[in-house]
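Protein chains in written order, with this note's numbering: chain E, 13 to 640; chain A, 13 to 640.
Here a beta-carbon is modelled for each residue, glycine too, at the ideal position from N, C-alpha and C.
Here's the structure we're looking at; comments come further down.
2 protein chains.
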Amino acid sequence: MPGLKRFVLGHAMHNQEVQHQRLSNPIALAVFSSDALSSTAYATGEILLVLAVAGSAVLKLTIPIAMGIALLLVIVVASYRQTIKAYPMGGGSYRVASDNLGTFAGLTAGASLLVDYVLTVAVSVSAGVAAITSAAPALSSWRVPIALGLMGIVAVANLRGVKESGAVFAVPTYGFVVLIVTLVVTGLYRWLTQGAAAIAIPVSESLVATAPLTMFLVMKAFASGCAAMTGVEAIADGVAVFREPTAKNARTTITWMAGILLFLFMGLSVLAIVAGVQPTEETVISQLARVLFGSGVAYWLVTVFTTAILVVAANTAYADFPRLSSFLAADDFLPHQMRDLGHRAVFSNGILLLTAAAAMLIVIFGGQTSRLIPLYALGVFTSFTLSQAGMVIHHMREREPRWKVAAVINGFGACVTGVVLAVVVYSKFADGAWIVVLLIPTIIAYFLWVRRRYDFVREELRLRPEDLTDLNWQSYNRMHNHVIVLVKNIDRRIIRAIQYAKSLRADRMEALYVDIAGDGASMRARWDEADFGVKLTVIESPYREIVRPIVDYVRAVPRPTDDHVVTVIMPEYAPENIADNILHDQTSLFLKTSLFSTPGVIVTDVPYRTSDGADVTKRAAQPSAPAR
Amino acid sequence: MPGLKRFVLGHAMHNQEVQHQRLSNPIALAVFSSDALSSTAYATGEILLVLAVAGSAVLKLTIPIAMGIALLLVIVVASYRQTIKAYPMGGGSYRVASDNLGTFAGLTAGASLLVDYVLTVAVSVSAGVAAITSAAPALSSWRVPIALGLMGIVAVANLRGVKESGAVFAVPTYGFVVLIVTLVVTGLYRWLTQGAAAIAIPVSESLVATAPLTMFLVMKAFASGCAAMTGVEAIADGVAVFREPTAKNARTTITWMAGILLFLFMGLSVLAIVAGVQPTEETVISQLARVLFGSGVAYWLVTVFTTAILVVAANTAYADFPRLSSFLAADDFLPHQMRDLGHRAVFSNGILLLTAAAAMLIVIFGGQTSRLIPLYALGVFTSFTLSQAGMVIHHMREREPRWKVAAVINGFGACVTGVVLAVVVYSKFADGAWIVVLLIPTIIAYFLWVRRRYDFVREELRLRPEDLTDLNWQSYNRMHNHVIVLVKNIDRRIIRAIQYAKSLRADRMEALYVDIAGDGASMRARWDEADFGVKLTVIESPYREIVRPIVDYVRAVPRPTDDHVVTVIMPEYAPENIADNILHDQTSLFLKTSLFSTPGVIVTDVPYRTSDGADVTKRAAQPSAPAR
C-alpha cells in the first residue's frame, strides 16, 4: 500500500521543495486560463440552444449577445487587474471581501466560489465528453462512465502536485488555442473570399419556433453565455504561485488570457451564425470543424485538443478549490484537515471532496453540459460582485497612488457584475439556479457552525494555571484503574491481553464475555479450565448486540470519584496486510467509537501479531526464566 | 444518531422474535415471486428489440421464442420441486452443488448467483424507471437519480427486516398480477370479438431491416427473453422461511408462481404481436395499456403497479443476496461480517454491499434495462445447471422413494439449462456477457483466498497447552512497559494523558513531539515551564509527515526481549456529537492504523471529555486531598 501510494502519487516532497513550485507565465496561463478559454467549446452552443425555441430566424441574436458578454469580460478583467496589484499575495474574492466588507461577505464569496468550482469540474468534464461523442456518437450512451474516468485522471494528476500539472497541461491548452484560431481564421477567410455558401453546414430542416422571442429568453441566452466568464478570477486568486515580480506577471497573464478568450469566443460565435450552426447533440466546434476541415486528421486533432483543454479546465478548479478550502480552514471555517498539506504538498482532502461533489453532479445530471449550465455562473458572479465592491472600500481606505481611478474601475465592475448576477438568478431560477440559491446559505451556516465549535473547543482545552497543581509526581498514583479484558474467544490473543493487563498493576481486574448465542456456561467452563487467574464475568445479550451490553456494563462500574478510570482492553488480531483487514471483525471498531465518548473510560487495543506469537512460544519454551 | 437509527430501522429484535419471522404462502409468493413475475414487464420488449434489427416482419418470431422460454420454465420448476422436497431447510444452488458436486461447483454456483442478484436489482429498478418514463417521457433524463432513489427505498425497507417487507410488498405484486391479467383478457377478448384492428397500435412507419435474420439473432432474442426466468430459484433458496410444513408450502407456492408467470408472459407476448407493438423507448405494457385502457385512471394504475412490482422484484435479491452471503461467510468463504445479524436481525452488511454494487451498475449503464440485459441470466443459468446436476447425484446417493423419477426430472433439467447457458454465453458474449464470464472466476478466487486466510489465522491463534505456562500470577510483572505520551499541544488533553500514563507505573516514560513547522524549541520551552515531570523528546519532520517519524521512533525503542512492550498514549478530544467528529483530526486514526501492525506496540487513546474537564477543575479546587 505505501508502494502503491508512491507509484500513483510520486515521492513525498520536502518542505524546501515546496517553495520552488512557482510557475512561469506561459505555464501559469495554461494552468489558470484553461477554464475560461475552454468554455468557448460550449458557451456559443448554450446561447444557440436557448434561442432555438424561438426558431431559426432568431439564432442570429447570438452575435449581439456574445458582444455583450465580451464587453463584460473587458470590464471584469480591468477590475481584476486592480485587485492583483493591491493583493500581490493572492487576492481571492474570499480574502478581499473578508478584509473589506466583513466576515459575512467573505464567507458568501467563499461559499459561492466553492459551489462554482464544483460546477466547473462537472461542466468542463461533461463538455469534454460532448466533444468525444460529437466525433463518435456511438459512445454517447457511455457519457457518465467516460466523464467519471476523465475526472479520475485529473484528480490523480492533482494529488501528485501542481508542477507536474503545469507541464502536462500546457500542451492541450496551447494546442486548442492554435487549432481554434486556425479554424476561425480559415472560416472567416473562406467566408470573405468565397461567400457564406462555401462554409454553410447542410441542415435537414429549419427549427420551428415553439415559444415567442421575449426579453426573458434573451436574458436567459445571455445568462447561459456567461458561463464563458467563469474562471476569469483564477489568476487573481493564484497570484502567489507566479514568479517574481508576481503582481506584474499575473497582470500580464490575465490580459493575455482575456485577449485570447475574446478572439476565440467572438470568432466561433460569428462563424456559427454565418455557417448556420443549429444546436444539436453535436457541438458547435465539431460542426464547424467538419465543414471547414473535413473528417480527416485536422478534425480529429480538434476533437482531441478540445477534450484535452476541457479536462485541463477541470484542473483549474482542482488548483483553486483546495486552495480556497485551505484558506477557510486556516480561519476555522472548515475542518482543519482541509488545511493540512498531504504527502505531496497538495491539499489532498480538498481534492477528494471536490471530486466526490463533482461526481455526484455528473451522475445526477447524466453528464450533460446543458443540464448543468443553469446552476453555473451564479456563484462566480456573486464572488465577482463582492470582490469588486470590496476593492472599492480597499481603495478608499488605503489611498494608494492613483486610487481614484482604480476605485472607479472596481466600482463600475461591481455594478455591472451585480446587475448580471440579478439577470442570471432571475432567468435561470426555475431551471436549476434555485438549487445554488439554497445551497450557498447552507454552506455559510456550516462555516459559521464550524467556527463556533472550534472556538468552543479551544476554550474548553485551554490550560488554566490551576490545572497544573495536581500533576506533581507525588500524586501520580491517585488515579484508580479498573481493568476489563474483553473476551471473544479463548485463544492466543487472550494470553497477550492478560499479560499486558497484569503489567498495568491495576486496582481491580476482570474479564468480560458477552453471550449472544447461549454459550455462556461452556465459555465459563473453558475459562476456569485455562486458569488465567482472572475472574470472568458473563453477560447475556438476547438481542445479539455486543456493543451495547459492554458499554452498559462499563458505565455501571462504580467510580466513586472522577479519579477512578476504567481501562477496557481489547484483544485483537493484527493482520499482516490490508486485504486481510476486513476479514477481522469491525465490531471492535464500533465498540471503540461508543466507548470513546463514555466518561472515565480508556480503551487499549492489544494486538496479537505473528511476531508476538513467536514471543509466546519462546517464553513457553523457557518457563524457568526468573521473574524480574 | 441512535435515535436516527431507530427511526429508520425500527426497534432492535429479540432472538425469540427472530424465529417468528415466518411467511404465509400468499406473502411468500409476493416476496419470492415478484422477481420472476415482474420480468414480464420487460422480457417481451427485449425479445422484440433484438429481432427489430431484421425488420418488422420478423417480430412475430417473438411468439415461438416465448413458447420456448415457457417450456423451459416448466422444466426448471419441475426440477426445483424435487429440490425443495430434498432440501426442506433451504436448497440454494450453493448448498446443493457443494453437497453433491464438491466445493468448487458450490462456489461457482455461489459466485454466479451473487452476480445475478446484483443484476436483478439493477435491471428491475431500471425497468421500474422505464415504466415511469413511458408514462412521463419528460422524466427520462432523470433516469439514474430516480433509479438510485427507488433502490435506496428498497434498501432501507430491507434493513428494517423481512416481515415488514412481506406486508408492504404483497399489495404491489397482487395489484400488478390483477391488472396485467385484466389487460391480457381485455385484449384477447377484443381481438377475438372485434378483430386485430380494434387493438392495433398506431405506428408511424414500419421498421427497416438493418441486418439479416440469422440463427444467431434468434438465439440472442431467446437469450434476452430468458431474463424472464431469473428469480425462479428464489423459493427453493428460501424454503426455511415458509411455515410448516415448509417443503409442501414451498412446492405449492412455486407451482402457483410458474402458472401466473406463464400466463402473463405468453399473454403479453401474443398481444404485443397482434397489436403490432414495436420496440421503442415506451415499454410494451405501456403501449398495450394506452391502446386498451386509454390514458385514464386504468393506465396510471398499470404504471404505478408495474413500477411497484419491479421495485419489489429488486427486493427478492435483497432477501437472497444477504442470505447467500451469510451462508458463504459461515463457511469462511466471505468475511464474517456478512454472517452477523444486525440490529434488526437482518444481514445488514450484505444489504449494503448489494446496494453499492447495483448502484455502480446503474450509473455505468445509465439506468437502461436493455443495456444491462446482456449481462443478465448468465449467472442464474450457471446455478440452475449446477443445482440440478447436483440433485442427480443426490438422488443416486440417497435413493429415497421414487428417486429414479426425480433423478430423471433433475437430469433433464440440468441438460436443458446447460444448453441454454451455452446459448446465452455464446449469443451475448460480445454485448457484455464477457464481463460476467471474467467476474465469476475472480469472485471464486476471492472466496478461496478468504478461506485460506481464515484457516491460517485460526491455526495461528489456536491455544497450545504450553502457551499457558507463563501466565501464572507470579510472573505477571515480567512484562516491561515503556510509555510514550504523544504531544500535539499543551492543553487540558495533556493533563489527562499524563495523569493516566503515570498511573500505569511503567518502567520508563517520556513525551514525544513531532516538529513539522520549526517550532520545536518553543514547544520545549513551554513544556519545561509547565513542569509535568516527564522528559520531552522532540523529533524534526521536514517532510511535514507526522505518522512516519512517530512510527520510526517507536520502532527504534530498545526492546531487549519480547517481554518489553511500548505503550503509545494518544491524548484526544472526545467531541460531544458526530458532526463534531470530522473537525478533530484524522491523523491519529492513520497513526493508530500504522502502529497496530508494529511489533511490541500497544496504543491507548486517552480522550479528554467535557465531563473529564470537570474532574480536572474539581481536583484543582481541592489540591490538599491526600494521595491514596
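Taking C-alpha positions only, residue 584 of chain A is separated from residue 527 of chain E by approximately 32 Å. A:125 is the residue among A:125, A:324, A:74 whose C-alpha sits nearest the C-alpha of residue 399 of chain A. The beta carbon of residue 609 of chain E falls within 8 Å of a beta carbon belonging to chain A, placing the residue at that interface. Taking 8 Å as the cut-off, the beta carbon of residue 65 of chain E is found closer than this to the beta carbon of residue 222 of chain E. Neighbours of residue 474 of chain E in chain A, taken as residues at a C-beta separation under 8 Å, are given in chain order as 503, 504. A buried status is given to residue 53 of chain A, since no fewer than 16 other beta-carbon atoms sit within 10 Å of its beta-carbon. Annotation note: the segment 51-90 of chain E contains the following uninterrupted alpha helix (DSSP H) runs of length 4 or greater, listed N- to C-terminal: 55-63. Residue environment analysis places residue 306 of chain A among the exposed positions, since fewer than 16 neighbouring C-beta atoms fall within 10 angstroms of its C-beta. Taking the beta carbon of residue 535 of chain A as reference, no residue of chain E falls within 7 Å; the closest one sits roughly 14 Å away. Here residue 181 of chain E carries a helix assignment [DSSP, helix/strand/coil]. Put simply, the segment 496-507 of chain A touches the segment 572-587 of chain A. At least three CB pairs are less than 8 Å apart. The contact set of residue 585 of chain A on chain E, defined by CB atoms closer than 7 Å, consists of 469, 473 in chain order. A straight line joining the alpha-carbon of residue 90 of chain A with that of residue 129 of chain A spans about 22 Å.
Residues of the segment 516-547 of chain A with a C-beta less than 8 Å from any C-beta of chain E: 516, 517, 542, 543, 544, 545, listed in chain order. In chain order, 311 place their CB closer than 7 Å to the CB of residue 302 of chain E, counting only its own chain and leaving out the 5 sequence neighbours on each side. Here residue 582 of chain E carries a strand assignment [DSSP, helix/strand/coil]. Residue 83 of chain A sits exposed, since fewer than 16 C-beta atoms from the chains shown fall within 10 Å of its C-beta.
Secondary structure of residue 619 of chain A (DSSP, three-state): strand. In this chain, the alpha helix (DSSP H) harbouring residue 372 of chain A covers 360-376.
Excluding its 5 nearest sequence neighbours in each direction, residue 254 of chain E has C-beta neighbours in its own chain below 8 Å: 34, 35, 37, 40, 261, 262, 265, listed in chain order. Beta-carbon to beta-carbon, residue 396 of chain E and residue 246 of chain E are separated by about 12 Å, too far to satisfy the 8 Å threshold.
Shown here for residue 576 of chain A: same chain residues with a beta carbon closer than 6 Å to its own, the five before and five after excluded, namely 492 in chain order.
DSSP places residue 460 of chain E outside any beta strand (DSSP E); the residue lies instead in the alpha helix (DSSP H), whose first and last residues are 446-473.
Residue 42 of chain E and residue 186 of chain E have their C-alpha atoms roughly 7 Å apart.
If you check the CB distance, residue 508 of chain A and residue 609 of chain E do not come in under 8 Å. In the DSSP annotation of this structure, the continuous segment of the beta strand (DSSP E) that includes residue 492 of chain A starts and ends at 492-499.
If only complete runs of 4 or more residues are kept, the segment 127-177 of chain E shows the alpha helix (DSSP H) at 155-172, in order along the chain. Residue 237 of chain E counts as buried, since at least 16 other C-beta atoms from the protein chains shown sit within 10 angstroms of its C-beta. Under DSSP, residue 406 of chain A forms no beta bridge with any residue. For residue 336 of chain A, there is no enclosing beta strand (DSSP E); the enclosing alpha helix (DSSP H) covers residues 309-342. Per DSSP, residue 417 of chain E has no beta bridge partner at all.
Boundaries of the alpha helix (DSSP H) around residue 508 of chain E: 504-515.
Going by beta carbons, residue 114 of chain E and residue 339 of chain E fall outside the 8 Å limit.
Between residue 330 of chain E and residue 239 of chain E a beta carbon distance of about 18 Å is seen, past the 8 Å cut, so the two are scored as non-contacting. Bridge partners of residue 525 of chain E according to DSSP: E:499, E:550.
The criterion of a C-beta distance shorter than 8 Å is not satisfied by residue 139 of chain A and residue 454 of chain A.
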